[in-house]
Every structure is written in structure tokens, then in C-alpha cells.
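See structure below.
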Amino acid sequence: MAVIWQPELDGERRRWVDLAARLTEDHFAPLAEELDRDQRYPWESVERLVESGLAGLFVPREYGGQGADLETTCAVIETVSRGCTSTGSILAAYALGGTPLLLAGTDRQKAEHLGGLAAGKAVSFALSEEGAGSDAAGIRTTAVREGDHWRLRGEKIFIGNGGASQSYIVFALTDPEAGTRGITAFLVDKDADGVVIDRYEDKMGIRGTLTSNLKLDTVVSDDDILGELNRGMRLAMRTLDAGRISVAAQSVGVGLAGYDVGSREACRRQTFGKPVIDNQGISFPLADVATEITAARMITVEAARAYDRGENVSVLGAMAKLYASEAAHRSVDLAVQIFGGAGYCRPCPAERLYRDQRILEIYEGTSEIQRLVLGRFIKAEAEEASR
Ligand code: COS
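Going by the UniProt record's numbering, the first residue of the sequence shown is number 1, and it counts up by one from there.
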């Protein structure tokens with residue numbers, strides 16, 4: 001019996017997770033150190049994700065995908081992240097870019113962009129701007145009517161998979177006076193005139209992923225509007241509700257990776273004539289980490305199941321991301337401590353995981369934003385109860 005709780009996986013889900021585990025063991029995990037060292041995007045791994053069906057796992061079958069639910073997608077993201085954080089993050093970026101299309105795409109948009117995504121032409125979610133990261137409604141990119149099309153002007157930053165994606169879901173102000181009810185989502189092709197990517201971030205971790213800007217002075221048509229005019233903020237928030245569950249799954253994977261290397265090193269490494277795990281100073285925090293990863297996995301799986309049942313997951317998704325990313329923090333921190341000096345030097349998997357983990361508490365809503373979201377719900381519930 002495994003110490004850390006695992007959900008029951010039925011036939012189809014089991015098949016996808018086993019496939020992901022095999023690819024991770026044979027191909028993704030062996031590349032993790034090199035990708036980190038050379039800051040290299042693993043095109044060959046992406047090709048495997050596409051060929052195997054994992055890239056388009058959540059894409060409906062009629063658009064060329066596998067039609068899997070979020071619970072399955074998350075189980076696969078967790079499995080891949082356990083072996084290579086960068087590859088797991090690429091997979092999660094595929095899911096984030098696909099979600100607004102699943103939620104609001106027309107049949108034509110789904111056929112073109114979800115179909116493209118399943119075939120390796122990824123779609124990226126482009127919301128953040130300078131000064132508008134946590135305050136998503138503070139964006140300044142505009143889309144102004146010019147005859148029968150729209151002129152899109154502005155710059156997006158911190159785009160996951162930016163530069164490797166074929167198209168971008170860009171959120172822009174279409175009615176600047178209307179606040180959050182004046183934002184619209186547009187589909188933008190990377191090869192269109194006036195679309196420029198000229199900066200890639202040099203990141204602390206997940207160095208096998210690409211994170212870019214997107215400069216826009218381009219023209220789009222009504223057909224490129226994703227969802228309803230002026231309802232883009234809601235679409236972004238609904239997308240992030242699902243995306244946060246995927247980041248929670250990544251976090252469980254990274255937390256497990258920290259636990260794997262930390263617990264094994266604790267058995268291997270001897271001090272004062274015995275393995276360090278025989279000291280309660282090491283076994284007790286490992287017990288805490290095992291408990292926290294179990295709890296993180298339980299919330300994440302339940303959040304994904306709730307999403308698949310069509311329930312609102314704003315609360316559970318925020319809890320899953322908040323808890324799982326911070327549990328992963330404690331897991332990789334302990335792993336570094338167990339390795340001691342070696343854990344502070346390269347190459348050591350604990351050192352890499354320590355840097356990789358940090359983004360999980362930042363992207364798709366910082367821990368502070370998750371607490372803010374939860375705080376609003378708590379206040380509303382308490383006010384309702386005291387009425
Ligand atoms: N599902 C559906 N709709 C939602 C929603 C959700 N989870 N959360 C908010 N909305 C809707 C609101 O109902 C509101 O719609 P109406 O105007 O129709 O009433 C609209 O979206 C605006 O919501 P709100 O007023 O709460 O917006 P705020 O500007 O106060 O911001 C936070 C809300 C802080 C929660 C939001 O800016 C946020 O999530 N920030 C973090 C963004 C993020 O994660 N960035 C990372 C980018 S990807 S790396």
C-alpha cells in the first residue's frame with residue numbers, strides 16, 4: 001500500500017495515466033536536467049505528447065482529440081510533472097489555452113483551433129500585462145472598431161508557451177468605460193501582420209518552457225471574437241477556475257517528486273552511523289509532507305470531479321491551487337534540507353525542483369489572489385448567515 005493516497009483509476013483513465021507514466025519514465029524525466037541547464041524547449045517531447053494523444057487529451061473527439069474529462073487531464077498532468085516539471089507545465093499550458101475555446105468557441109473556432117491544438121498547433125492564453133497581472137481588469141490593450149474589423153493594440157506579457165503556440169487568446173478593452181464588462185477575447189494568429197514576439201523570459205525554474213511577450217498592432221475580424229462581446233472577463237475567470245485545478249495537479253506532481261527524492265535520500269544518506277531518516281528530525285517532517293500531499297491530491301481530485309459534474313469550482317479550485325502549491329513548496333524545501341550541501345548545488349534534483357516549484361504559487365493567480373477569492377466567498381457567506 002502506497003503511503004500517499006491515490007484515487008481509484010478506472011479503465012480509460014488508467015490507460016492514459018499508464019501511458020503518461022511510461023512516456024515520462026522513458027523520455028521526459030531523463031531530459032529534465034538538460035532542459036533546466038540549457039534552458040531548452042523540448043520540441044521532441046511535445047511531438048511525443050501530440051503523437052500519443054496527450055496534448056489534445058481534453059479536446060472533444062469530433063475535433064481530433066481524446067474527449068477526456070478534467071479529472072483524467074489532471075491525473076496525466078500530475079504524472080508528467082512528477083518526472084519533469086517543464087513538460088508538465090507545457091501540458092498545463094495546452095489545457096489553459098484550450099479551455100476558453102471549449103467554454104465559448106463557435107463550431108468553426110473549435111474545429112480550427114482545438115483541432116490544431118490536438119495536432120500540435122498550441123493556443124496560448126494571453127491575459128497579463130505590465131501592471132495587470134493580479135488585477136486582471138487593469139489591462140490596457142485595446143480593440144477599436146475600424147470599419148468592419150477591429151484594430152488590436154497593446155502588449156501582453158508572461159505568456160505560457162508563448163512563441164511555441166500558433167495562436168493566442170488575447171483579452172482587450174472593447175468598451176474602456178465599462179470596466180470588467182468592457183473586455184473581449186480575440187483569437188490572434190502568430191503569423192498575422194503586426195504580431196511580434198521579441199522577448200523571452202530568463203526564468204528561475206521551469207526552464208524548459210517558453211514564456212514570452214506578445215506585441216500587437218494588428219487587425220482581427222468579428223469571426224475572431226471568442227465568446228460574447230464585452231464578456232471576456234467572465235470567460236477569463238471561468239478559464240482560470242479550471243486552470244487552477246490543473247496547476248494544483250502540477251503541484252501535486254512536483255510535491256511528489258520532492259517527496260520521492262527526499263525520502264530516498266533520507267534512507268541512503270548516513271550521519272552518526274545511521275540513515276538520516278532514523279532521526280525524528282527528518283522522519284517527522286517527511287510524515288507531514290506525505291500527509292499534506294495526500295490532502296492536496298484529495299482536494300485536487302475532488303475539484304476536478306466537481307468541474308466534470310458541471311459544478312461551480314471557484315472555491316474548490318482556489319483551495320486546491322493554494323493548498324497544493326504551498327504543500328509542494330514545503331515538500332521541495334524539505335528535500336533540499338535532506339540533501340544538505342548537495343541540495344544547494346547543481347546538478348541535484350532537489351535543487352532543480354526547489355526552483356521549479358516556486359512558479360506554482362504565482363502563475364494562474366498567486367496564493368494571495370486565491371486567498372482574496374476565498375475571502376470574498378467567506379465574507380458573502382458570513383454576511384448572508386448574519387442577515
Ligand atoms: N466565474 C465566472 N465569472 C466570474 C468569476 C468566476 N470565477 N469571477 C469573477 N467573475 C465575473 C464577475 O461575476 C464579474 O462579472 P459581471 O461584471 O458580469 O458581474 C466579472 O467577472 C468581474 O469580476 P470581479 O468584479 O470579481 O473582478 P475584479 O476586478 O474584482 O477581480 C480577481 C477579480 C482579483 C479575482 C481577478 O482579477 C483575478 O482572478 N485575478 C488574478 C488573475 C490571474 O490569475 N492572472 C494570472 C493570469 S494567467 S498566468
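A virtual CB, placed ideally from N, CA and C, is assigned to each residue, including glycine. A quick note: this is a predicted structure, and the numbers were derived from the prediction, not measured.
Check whether the Cβ of residue i lies closer than 6 Å to any heavy atom of the ligand COS, and answer yes or no.
i	result
residue 233	yes
residue 85	no
residue 241	yes
residue 358	no
residue 368	no
residue 373	yes
residue 214	no
residue 237	yes
residue 75	no
residue 365	yes
residue 210	no
residue 142	no
residue 137	yes
residue 221	no
residue 127	yes
residue 180	yes
residue 246	no
residue 251	no
residue 165	no
residue 314	yes
residue 325	no
residue 134	yes
Tell me whether the beta-carbon of residue i lies closer than 7 Å to the beta-carbon of residue j.
i	j	result
residue 349	residue 261	yes
residue 347	residue 33	yes
residue 126	residue 80	no
residue 96	residue 243	yes
residue 64	residue 118	yes
residue 53	residue 66	yes
residue 324	residue 248	yes
residue 77	residue 250	yes
residue 108	residue 205	no
residue 234	residue 103	no
residue 287	residue 327	no
residue 167	residue 189	yes
residue 165	residue 128	no
residue 195	residue 120	no
residue 75	residue 17	yes
residue 180	residue 225	no
residue 114	residue 101	yes
residue 464	residue 13	Nothing about residue 464 can be reported from this structure: the residues present for the chain run from 1 to 387 only.
residue 26	residue 207	no
residue 45	residue 209	no
residue 363	residue 332	no
residue 351	residue 340	no
residue 142	residue 172	yes
Who are the near neighbours of residue i in its chain, counting only those whose CB is closer than 7 Å to its CB and skipping five residues on each side?
i	result
residue 178	230
residue 212	159, 162, 163, 197, 199 and 200
residue 69	308
residue 157	128, 129, 130 and 213
residue 203	211
residue 7	301
residue 187	109, 113, 167, 169, 224 and 226
I'd like to confirm the pairing. Which residues does DSSP put opposite residue i in its beta bridges?
i	result
residue 129	132
residue 388	The chain is shown only over 1 to 387; residue 388 falls outside these bounds and no answer can be derived.
residue 212	159 and 200
residue 271	274
residue 331	DSSP lists no partner for residue 331.
residue 183	173 and 231
residue 226	185
Take residue i and list the residues in its own chain whose beta-carbon comes closer than 6 Å to its own, dropping the five residues that flank it on each side.
i	result
residue 317	241, 244, 245 and 303
residue 266	276, 277, 282 and 338
residue 321	244, 247, 248 and 370
residue 314	241
residue 374	318
residue 175	182 and 230
Below 6 Å, is the gap between the Cβ of residue i and the nearest heavy atom of the ligand SAH?
i	result
residue 266	You won't find the ligand SAH in this model; what it holds is the ligand COS.
Sorted by chain position, which residues of the same chain lie with C-beta nearer than 8 Å to residue i's C-beta, five sequence neighbours on each side aside?
i	result
residue 299	248, 316, 319, 320, 323 and 324
residue 61	67
For residue i, would you say it is in contact with chain D, using Cβ-to-Cβ distances shorter than 7 Å as the test?
i	result
residue 131	No chain D is part of this structure, which consists of one protein chain only.
Margin query: Check whether the stretch 53 to 62 and the stretch 284 to 297 are in contact - that is, three or more C-beta pairs closer than 8 Å.
Written below: no
Check: Is the number of C-beta pairs between the stretch 359 to 371 and the stretch 297 to 311 that are closer than 8 Å three or more?
Finding: no
Checklist line | Validate contact between the stretch 135 to 145 and the stretch 84 to 92 using beta carbons, cut 8 Å, 3 pairs | finding: no
Check: Three or more beta-carbon pairs under 8 Å between the stretch 146 to 155 and the stretch 207 to 223, yes or no?
Finding: yes
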